[in-house]
Amino acid sequence: MATEAPTLRRTPLYERHVALGAKMVPFAGYEMPIQYEGIVAEHRAVRSHAGLFDLSHMGEFIFQGRGAKALVDRLVSSDIAGLEAGQARYGLLTNEGGTIVDDVIVYRTGDSEYLMVVNAANIEKDRRHVLRYLGADVAFDDRSLATALVAIQGPRAATILESATTTSVRELPAFGVVGSEVLGKGATVARTGYTGEDGFEIFVANDAADRIWEGLLERGASLGIKPIGLGARDTLRLEARFSLYGNDIDETTNPIEAGLGWTCKLDKAFIGRDAIAAIKAEGPKRRIVGLVIDGGVARHGHEVVSAGEVVGHVTSGTFGPTVQKNIALAYVPTRLSKVGTAVAVRIRGKDVPATVVKTPFFRRAE
Amino acid sequence: MSSVPDDLRYSKEHEWVRADGDVATIGITHFAQEQLGDVVFVELPEKGTAVRQFSSLGVVESVKAASDIYAPVSGEILERNVKVIEKPELVNTEPYGDGWMIKVRLANEGELAQLLSPQDYRSHIGETAGAGGD
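Protein sequences appear in the order of chains A and B. For the first sequence, the working numbering begins at 3 and goes up steadily by one. For the second sequence, the working numbering begins at 18 and goes up steadily by one.
Structural data, given as structure tokens:
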């Protein structure tokens with residue numbers, strides 16, 4: 003076919019990735035680094051030292067004004083109204099049918115200001131979704147193209163970031179957010195991440211991204227920091243059992259079966275609340291479970307088999323470099339979702355034994 | 018070690034063959050392992066299996082994805098490398114050494130001539146020829 007590839011966007015750090023020898027791939031409309039040195043080495047660096055991620059492709063929505071709190075609380079499944087300024091929370095954008103439009107983190111960045119970080123692939127869709135509910139008492143601004151996001155994650159992240167700012171980032175609680183200056187650049191710093199490690203996400207204007215990236219790599223060099231690509235980002239998040247939108251959750255899945263019921267505050271009004279409450283009351287027909295596969299790597303789309311019948315499918319799968327096992331997330335009928343249940347994953351036509359296990363696959367020592 | 022040793026023959030799909038009499042040892046090239054990234058799983062046929070040239074010989078899985086290995090020559094499997102099944106990272110660290118995969122009894126030595134010379138393989142992967150190149 004002679005269809006032309008759509009033009010890919012580049013983050014402000016594109017040149018840096020190329021200079022570092024990254025393998026660049028198309029991802030959510032951007033040219034992104036999938037790996038630099040190698041997925042396993044990068045994964046290990048984050049678990050043992052620190053890693054730096056360019057997440058500038060992600061979307062940033064700002065809600066301001068008198069009605070901001072009520073609007074975001076209605077859009078998002080979790081307790082947004084209960085956030086104090088300086089706090090953040092994970093939650094879901096759901097539709098009236100109770101399925102998942104996106105998973106987001108909402109940061110209360112001021113008395114009447116909220117920052118919502120959305121998945122890069124969903125920016126357009128989420129914006130349309132938000133605009134359907136937007137009233138005159140909220141100013142909505144999609145800052146995605148103007149905002150760069152750099153994450154520093156790992157046990158040494160706090161030490162490295164501390165050396166680059168006067169803000170006492172070590173004192174910032176988990177899911178705390180603060181206006182700050184990092185390496186002389188205005189920044190919003192949050193203690194959030196997607197790796198299962200301690201760490202921070204740093205939001206800056208595009209033209210400050212270079213300074214932050216270079217400065218943190220330099221300051222972290224003696225502490226073992228490495229640039230981390232999307233490949234290791236995926237293995238890290240899967241070990242920590244964080245959902246990946248488009249793989250584990252989408253508009254055909256509901257929060258209850260996806261194991262995200264804990265993000266749904268059912269005693270408040272939010273879009274999709276009634277549908278989700280009904281599913282919860284009835285009990286979901288299927289559930290997402292963690293699998294350990296004995297003798298093969300399960301991948302997205304592989305079938306799950308029980309007693310010779312296809313009963314579900316794998317949504318994410320990889321070899322977990324820290325847990326040293328082949329791990330996966332899969333939807334299975336509720337009756338097969340108990341920890342310890344034996345199933346199989348059909349890999350290249352062969353049914354490979356797998357066991358339902360407790361998740362997360364990896365939890366860091368406190 | 019050269020990334021394309023001079024004493025081997027190569028397939029376009031990035032397997033190498035070392036022929037010793039009628040026994041051929043088969044693995045994947047340095048270039049292939051680099052493209053794959055960290056290898057975490059290797060699936061190989063058992064001893065006694067007959068394989069045909071350019072048909073599927075097995076699978077290597079990296080963290081990222083699965084890739085087929087193709088038999089560069091026809092023959093009967095004499096041995097599969099148990100070490101590489103137990104320690105798949107050998108494919109990355111020693112692709113021409115302990116990371117070998119299969120030994121076969123060559124069915125037709127003439128097939129070796131259909132494979133690429135080191136020089137042809139180098140240009141196949143876009144590597145500039147070193148000393149001795151044209």
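Every residue, glycine too, gets a C-beta built ideally from N, C-alpha and C.
Less than 8 Å between the CB atoms is what I'm expecting for residue 132 (chain A) and residue 108 (chain A), so what's the real figure, rounded? About 12 Å; that fails the 8 Å criterion.
Less than 8 Å separating the beta-carbons of residue 128 (chain A) and residue 95 (chain A)? Result yes, Cβ atoms of residue 128 (chain A) and residue 95 (chain A) sit closer than 8 Å.
For residue 42 (chain A), would you say it is in contact with chain B, using Cβ-to-Cβ distances shorter than 8 Å as the test? It does: the Cβ of residue 42 (chain A) has a partner Cβ on chain B nearer than 8 Å.
Give me the chain A residues within the contact set of residue 58 (chain B), using Cβ-Cβ distance strictly less than 9 Å, ordered along the chain. Under the 9 Å cutoff, chain A gives 297, 298, 299, 321 and 328.
Exposed unless 16 or more other CB atoms sit within 10 angstroms - verdict on residue 37 (chain A): Buried is the label assigned to residue 37 (chain A), since at least 16 other Cβ atoms lie within 10 Å of its Cβ.
Does residue 64 (chain B) come within less than 8 Å of chain A when only Cβ atoms are used? So, not an interface residue.
If you run the structure through DSSP and keep just helix, strand and coil, what is residue 104 (chain B)? Looking at residue 104 (chain B) - three-state DSSP - the assignment turns out to be coil, as it is neither helix nor strand.
Span of the alpha helix (DSSP H) holding residue 74 (chain A)? Segment 70-77, the alpha helix (DSSP H) holding residue 74 (chain A).
Below 8 Å between beta carbons is the criterion; list the residues of the stretch 83-96 of chain B that meet it against any residue of chain A, in chain order. Against chain A - using a Cβ distance shorter than 8 Å - the residues of the stretch 83-96 of chain B are 83.
If you draw a straight line from the alpha carbon of residue 102 (chain B) to that of residue 60 (chain B), how long is it in whole angstroms? Straight-line Cα distance between these residues: approximately 7 Å.
Excluding the 5 residues preceding and the 5 following residue 180 (chain A) in the sequence, name in chain order all residues of the same chain whose CB lies nearer than 7 Å to its CB. Closer than 7 Å at the Cβ level, and outside the excluded window around residue 180 (chain A), lie 88, 169, 174 and 191.
Could you check where the beta strand (DSSP E) with residue 327 (chain A) kicks off and where it finishes? Counting along the chain, the unbroken beta strand (DSSP E) around residue 327 (chain A) starts and ends at 327-335.
Please decide whether residue 237 (chain A) counts as near chain B, where near means a Cβ-Cβ distance under 8 Å. Taking CB atoms only, residue 237 (chain A) has a neighbour in chain B less than 8 Å away.
Among all the DSSP beta bridges, which residues are the ones paired with residue 54 (chain A)? Looking at the DSSP output, residue 54 (chain A) sits in a beta bridge with A:154 and A:229.
Minimum Cβ-Cβ distance from residue 303 (chain A) to chain B less than 8 Å: Residue contact with chain B for residue 303 (chain A): absent (no Cβ-Cβ distance below 8 Å to any residue of chain B).
Is any beta-carbon of chain B found at less than 8 Å from that of residue 37 (chain A)? So yes, residue 37 (chain A) belongs to the interface.
Looking at residue 92 (chain B): is its Cβ nearer than 8 Å to the Cβ of residue 57 (chain B)? 8 Å or more divides the Cβ of residue 92 (chain B) from the Cβ of residue 57 (chain B).
Below 8 Å, can you find three or more Cβ-Cβ pairs linking the stretch 283-292 of chain A to the stretch 353-360 of chain A? Note that the stretch 283-292 of chain A touches the stretch 353-360 of chain A; at least 3 beta-carbon pairs, one per stretch, sit closer than 8 Å.
State the start and end residues of the unbroken alpha helix (DSSP H) segment that holds residue 16 (chain A). It spans 16-21 - the alpha helix (DSSP H) in which residue 16 (chain A) sits, taken as one unbroken run.
Output yes if chain B places a C-beta closer than 8 Å to the C-beta of residue 348 (chain A); else output no. Closer than 8 Å to the CB of residue 348 (chain A) there is not a single CB belonging to chain B.
Just grab the DSSP bridge partners of residue 66 (chain A) for me. For residue 66 (chain A), which the question treats as bridged, DSSP gives the partners A:115 and A:141.
Let me know the secondary structure DSSP gives residue 92 (chain B) once reduced to three states. Three-state DSSP puts residue 92 (chain B) in a strand.
Cβ of residue 35 (chain A) within 8 Å of Cβ of residue 232 (chain A)? Against a cut-off of 8 Å, the Cβ pair of residue 232 (chain A) and residue 35 (chain A) comes out as a contact.
Around the C-beta of residue 355 (chain A), are 16 or more other C-beta atoms found within 10 angstroms, so that it is buried, or is it exposed? Exposed, because fewer than 16 other Cβ atoms sit within 10 Å of the Cβ of residue 355 (chain A).
Could you tell me whether the Cβ atoms of residue 335 (chain A) and residue 314 (chain A) are closer together than 8 Å? The Cβ atoms of residue 335 (chain A) and residue 314 (chain A) sit closer than 8 Å to each other.
How about residue 122 (chain A) and residue 178 (chain A): do their beta carbons lie closer than 8 Å? Not a contact, by the Cβ cut-off of 8 Å.
In terms of residues, what are the limits of the alpha helix (DSSP H) holding residue 47 (chain B)? Segment 47-53, the alpha helix (DSSP H) holding residue 47 (chain B).
What span of residues does the beta strand (DSSP E) with residue 28 (chain A) cover, start to end? Note, residue 28 (chain A): beta strand (DSSP E), 25-29.
Between which residues of its own chain and residue 87 (chain B) is the CB-CB distance below 8 Å, once the five residues before and five after are set aside? Here the set comprises 28, 30, 32, 71, 72, 73 and 74.
Which residues share a DSSP beta bridge with residue 185 (chain A)? In the DSSP output, where bridge partners are listed per residue, residue 185 (chain A) has none listed.
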